[in-house]
Amino acid sequence: MANNRPEWGGLSDQEVVLLARAGKEAAYRELIRRYERPIFALLFRMVRDRELSEDLAQETFVKALNAIDSYRPEFKFSSWIFKIANNTAIDHLRRRELDTLSLDGSPHAETPEAMQATALQIGARQESPLDTVEAKELGGAIEAAIGSLRPEYRSCILLRHVEGRPYEEIAEILNLPLGTVKTYIHRARNELRLSLAHLKE
Amino acid sequence: MTRPSGAHLSPDEIDSWLAGTLALEWQQHLDHCQACLERAEAEREIVEQIGMLPLMSPAPDFAERVMASVVVPDPFAIRSLQATQRSLFATRKSVAVAASLALLLLGSMAGSIAWSVTHQETLASIGTWLLAQGGQVAWLGLRGLASNLIEQPWYSGVRSVIDNPARLALGSALVSLAYLVGVFALRRLLALPTQQVAHAGI
């Protein structure tokens, strides 16, 4: 599988999807490789539980890949899979009220091992221990502030400023008018600014 | 876009400023308006902080878990289907042949349904005739079988046993006894061993 990697690099998402439709298992794996991190990150910040977000990410990919024939290539694959992920998260949030964020692990974890297993893992960037502590405090505050936003605001702000998606694509993903997306993002930024004001002081 | 006199930056202009595409006129306003500058700076700070959130990955076996629940289509079946489609639509002639065959099939089905609906009495009389013919054939078969049996050399012996009640009772008793002996022998043969077999107690 790994020796096939270089040939996938030059292919667009649409081309990989065509290969998946032709029954190439490696194409399915390539789509997972391309989107597992952004989809997982979006879902984690939507539901704030590592184990649960893995389950929702798995559900998203299984839904998308088993329905790959219904994907229409004139749209971006990223929009399609983000839309499925967002709907999966929103469905879950509707079913369940979430507790406040804990950087030290899932609020539902009952043992220290479970707390560690579900903890948010920081360390993808190279930082000194002091930087890590500061980043954890600041990151924790932002994560908490994002977590306290309404789910629609949360989706918008994450897609815009974490995933870097353009407004038009966010509108397509969330099935919202462009103006509404802009308003949500602006309001979300205002709420975050107010929530984080105490850190600045 | 021209800036109305006395106007401050709207969210759209702040977005343009964040993206580095703010119009010069608005940029000049920003240089002199402390309120707009503070607001824009605060928004930039938020955006930067969100952008610094840690990168995240699912567990290493994530792809395997997903693939365990995904049904990958059989490439051979897909290729066969595609090849059939390609050969069907390869030339105008093949398209015409395929279309004619489809039309013929659909037309004959539609014709058959239409005829059945309009000729229900004919269908009913055909059904009755077929039933009568079937019954006659079955009766003739049965009669043939009976006359064939009567012609057999052992038939007179069997008949004499059936006609004499004592012989019939003796014959029935012998057959029943043979049956019971057979059942008993079979049970003995199929009975489970009473002693434990070595190496079987895992």
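Protein chains in written order, with the working numbering: chain A, 1 to 201; chain B, 1001 to 1202.
By construction, the Cβ of each residue, glycine as well, lies at the ideal position given by its N, Cα and C atoms.
Span of the alpha helix (DSSP H), counted from its first residue to its last, around residue i
i	result
S1253 of chain B	Residue 1253 of chain B is absent from the structure shown; chain B starts at 1001 and stops at 1202.
P1011 of chain B	P1011 to A1019
A57 of chain A	R50 to N66
F40 of chain A	E25 to V47
A1042 of chain B	Q1034 to G1051
A1191 of chain B	Segment: none, A1191 of chain B is in no alpha helix (DSSP H) and carries neither H nor E.
F957 of chain B	Since the first residue shown for chain B is 1001 and the last is 1202, residue 957 of chain B is missing from the structure and cannot be characterised.
F82 of chain A	F77 to R95
P177 of chain A	No alpha helix (DSSP H) holds P177 of chain A; DSSP gives it neither H nor E.
A20 of chain A	D13 to R21
Nearest residue (CA-CA) to residue i, options the options
i	options	result
A27 of chain A	A:Q14, A:F75 and A:P38	A:Q14
R187 of chain A	A:L149, A:H198, A:L174 and A:S78	A:L149
A1068 of chain B	A:R96, A:K63, A:P177 and A:N86	A:K63
L93 of chain A	A:P151, A:E54 and A:K83	A:P151
S1057 of chain B	A:I185, A:F82, A:R34 and A:A197	A:R34
K83 of chain A	A:R48, A:A171, A:W8 and A:G23	A:A171
D1031 of chain B	B:Q1136, B:R1159 and B:L1009	B:L1009
A1019 of chain B	A:H161, A:V181, A:P177 and A:L196	A:H161
I142 of chain A	A:E191, A:V181 and A:G164	A:E191
G140 of chain A	B:A1166, B:P1054 and B:S1172	B:P1054
F44 of chain A	A:A67, A:S78 and A:A144	A:A144
I157 of chain A	B:T1021, B:G1134, B:E1064 and B:G1051	B:G1051
L18 of chain A	A:S53, A:N66 and A:P73	A:P73
M1071 of chain B	A:F61, A:F75 and A:W80	Here the sequence assigns Val to residue 1071 of chain B, which means Met is not the residue at that position. Closest option to V1071 of chain B, Cα to Cα, is A:F61.
L31 of chain A	A:I68, A:Y184, A:L176 and A:L194	A:I68
P954 of chain B	B:Q1028, B:L1024, B:R1044 and B:Q1034	Residue 954 of chain B cannot be examined here, being either before or after the span of chain B that is shown, 1001 to 1202.
G147 of chain A	A:R48, A:P38 and A:L42	A:R48
T183 of chain A	A:Y167, A:S195 and A:P38	A:Y167
F40 of chain A	A:N66, A:S195, A:T88 and A:E7	A:T88
Simplified DSSP assignment, three categories, for residue i
i	result
E172 of chain A	helix
L1024 of chain B	helix
S1069 of chain B	coil
L1131 of chain B	helix
V162 of chain A	coil
P1060 of chain B	coil
P1054 of chain B	coil
H186 of chain A	helix
H1029 of chain B	helix
H1008 of chain B	coil
L149 of chain A	coil
R1143 of chain B	helix
D69 of chain A	helix
Q1196 of chain B	Any reading at Q1196 of chain B needs caution, since the residue's pLDDT is 49, under 50, leaving its predicted position unreliable; the model's value is listed next. In this structure, Q1196 of chain B counts as coil in the three-state DSSP scheme.
E74 of chain A	coil
G10 of chain A	coil
Selection of the stretch 56-86 of chain A by Cβ proximity to chain C, strictly under 8 Å = The structure shown has no chain C; the protein chains it does contain are A and B.
Can you give, in chain order, each stretch of the alpha helix (DSSP H) that sits fully within the stretch 1148-1176 of chain B and has at least 4 residues?
-> 1155-1163
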